[in-house]
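Using full-length UniProt numbering, you'd call the opening residue of the sequence shown number 1 and step up by one each time. Here a beta-carbon is modelled for each residue, glycine too, at the ideal position from N, C-alpha and C. Only a predicted model underlies this, so the values are computations on that prediction, with no experimental measurement involved. Below is one structure, written out as structure tokens; the observations come after it.
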Amino acid sequence: MDTAKLNHNNNNIQAITLEPCNCLVATAALMPLMSFLKKLKKLAEDDPRRVIHSIKVGLGLSLVSVFYYVSPLFKSTFKDCTMWAVITVVLVMEFTVGGALTKGLNRALATFLASVMGVGAHHLAVIFGEKGEPFILGSLVFIIAVAATFLRFVPELRTRYDYGVLIFILTFCLVAVSSYRQENLLLLACRRSLTIVTGVLVALVTSILLFPVWAGEDLHKMTAYNLQKLAAFLEEKDENGNSGRTRPSEAYKSINNARWEPVHGKFRFKHPWKEYTKIGALSRQCAYTMHVLHAHINKAESQTPFGLELCRRIRSPCMNLSLALSDTLKELASSILSMTTQSSATEHMAKACTAADQLKTSLLNDCELSTVLHAATIISLLVEITECIRQIRVSVEELAALAQFKSPEAVTNVATVRPIVDIEVPHVSVVVEQ
1 MDTAKLNHNN NNIQAITLEP CNCLVATAAL MPLMSFLKKL KKLAEDDPRR VIHSIKVGLG
61 LSLVSVFYYV SPLFKSTFKD CTMWAVITVV LVMEFTVGGA LTKGLNRALA TFLASVMGVG
121 AHHLAVIFGE KGEPFILGSL VFIIAVAATF LRFVPELRTR YDYGVLIFIL TFCLVAVSSY
181 RQENLLLLAC RRSLTIVTGV LVALVTSILL FPVWAGEDLH KMTAYNLQKL AAFLEEKDEN
241 GNSGRTRPSE AYKSINNARW EPVHGKFRFK HPWKEYTKIG ALSRQCAYTM HVLHAHINKA
301 ESQTPFGLEL CRRIRSPCMN LSLALSDTLK ELASSILSMT TQSSATEHMA KACTAADQLK
361 TSLLNDCELS TVLHAATIIS LLVEITECIR QIRVSVEELA ALAQFKSPEA VTNVATVRPI
421 VDIEVPHVSV VVEQ
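This is the structure we're talking about:
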């Protein structure tokens, strides 16, 4: 009897002990899931348009699936080619309207051209009889595939038409190869082209009519925002120390997508999108120089008393130069965002040039150059930044002339720069004393 009670108590103790362990295991298993859900929540909060885009993709797929579900449409028009329309929506639906237009038009035109050439290749191969037909078709597929693939390496074609060339190769091979055993090749080519066009139209209508995201507008705001981040860089207002430079590949992709977009908002037909390439390249160059300056100041070695005295003398011109450059960048950012001309940027740039000349004079008046190497490096970097910002100002003025920016008096409401994504840049402390 006592033994039975003892065993019963031991079982209760084991149950009580195992229950907390099971809870810990369950909690540990759920932690990765909770972390993943938090990341998803942050993505949605950073840019709610991502959620809207996901809904648009689902809606587009649902609409194009109707052609598969409705029997009359399926039997009379598309038949087995209906799935190509669904695949087209998946491939064409991009985040921006420009991206969707780029892929959609490339896919539609490439499919049509490849279908025509595939049918032509079939009729050419038939001339050589039943035995010669497969050899002719194989030779044509080889030649076209080699030529089209090599064309993908041409920079001009790769930048804007790479996806179209890829679809051309795929469609031509599909039509040409299947023509050997396909009875009604022309009907197959027409159905494939029709389904592709249908998928492209559904994707474009969904992208343009439902909460459109314009690549040109995003590029315009990002250009102004990057200039403001450079200004904060010089004013020591950014305390995080993470680089916020936009990758060149992303900038070029945005520019290419913006070229395909129709007239929208303040952006007219043939808007000078190429000018954004110049401004972006100069902004990145300026950011790189600022990053070098930031690293040089942080790793500076101790100086002699004479060197410290020189640094105290040039500290005021350095601060004046930084503030003038920062004000110039702010005015340029405001000019881009509001699409107005700003004359004050020229005044701030003149002050910056004057401060740069004062820095050069302060250094050249000292004869013991070996003691001022650190200060000379800082000054040379600041002068390089000054020249880079001057070139940015010139590029912005060219953009204003080509895009026909209005005068400030004609604009009553000036928008503020709102970052598209949360980007941080390292701050530069332009203080030249140890």
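Nearest to residue i (by Cα), restricted to the options the options
i: L282; options: L109, M31, L157, Q391; result: Q391
i: I378; options: R181, T289, Y68, S193; result: T289
i: residue 443; options: H296, A108, E130; result: A question about residue 443 goes unanswered here, because the residues of the chain that appear run from 1 up to 434.
i: K103; options: A114, S115, V90; result: V90
i: L186; options: S115, L124, F135, P134; result: S115
i: L101; options: A203, S407, L402; result: A203
i: L329; options: M339, R315, A345; result: A345
i: Y252; options: T159, A224, I196; result: T159
i: L321; options: I169, D218, V141, E387; result: E387
i: A324; options: E235, P272, P32, E398; result: E235
i: T88; options: F135, S62, Y69; result: S62
i: M222; options: L210, K56, I279, L201; result: I279
i: T277; options: G129, E250, A176, V154; result: E250
i: S380; options: M349, Q358, A224; result: Q358
i: V57; options: H348, F95, M34; result: F95
Residue i to residue j span [Cα, whole Å]
i: W260; j: W214; result: 10 Å
i: residue 488; j: G216; result: The question about residue 488 has no answer here: the residues shown for the chain are numbered 1 through 434.
i: A148; j: L137; result: 16 Å
i: I255; j: N106; result: 17 Å
i: A352; j: E331; result: 14 Å
i: Y163; j: E183; result: 30 Å
i: Q228; j: V97; result: 26 Å
i: S395; j: F269; result: 20 Å
i: T171; j: S193; result: 10 Å
i: E275; j: S343; result: 20 Å
i: P317; j: L151; result: 55 Å
i: K360; j: E156; result: 44 Å
i: V126; j: C173; result: 17 Å
i: Y69; j: A400; result: 52 Å
i: L59; j: A121; result: 38 Å
i: A356; j: L30; result: 58 Å
i: L293; j: R393; result: 21 Å
i: K38; j: I55; result: 20 Å
i: Q285; j: I169; result: 39 Å
i: V51; j: A44; result: 6 Å
i: F67; j: T82; result: 7 Å
i: A145; j: F267; result: 39 Å
i: P32; j: H123; result: 59 Å
Beta bridge counterpart(s) of residue i as assigned by DSSP
i: K406; result: T340
i: F95; result: Partner(s): none; F95 has no beta bridge.
i: H264; result: F267
Three-state class that DSSP yields for residue i in the structure shown
i: H271; result: coil
i: P317; result: helix
i: V70; result: coil
i: D327; result: helix
i: V154; result: coil
i: P32; result: helix
i: D357; result: helix
i: D47; result: coil
Distance cut-off 7 Å: residue i Cβ against heavy atoms of the ligand PLP
i: V141; result: You won't find the ligand PLP in this model; it holds no ligand whatsoever.
Starting from the N-terminal side, write out each stretch of the alpha helix (DSSP H) that is 4 residues or longer and does not extend beyond the region 177-217. 185-209
Residue ranges of each alpha helix (DSSP H) within the region 124-152, 4 or longer: 129-151
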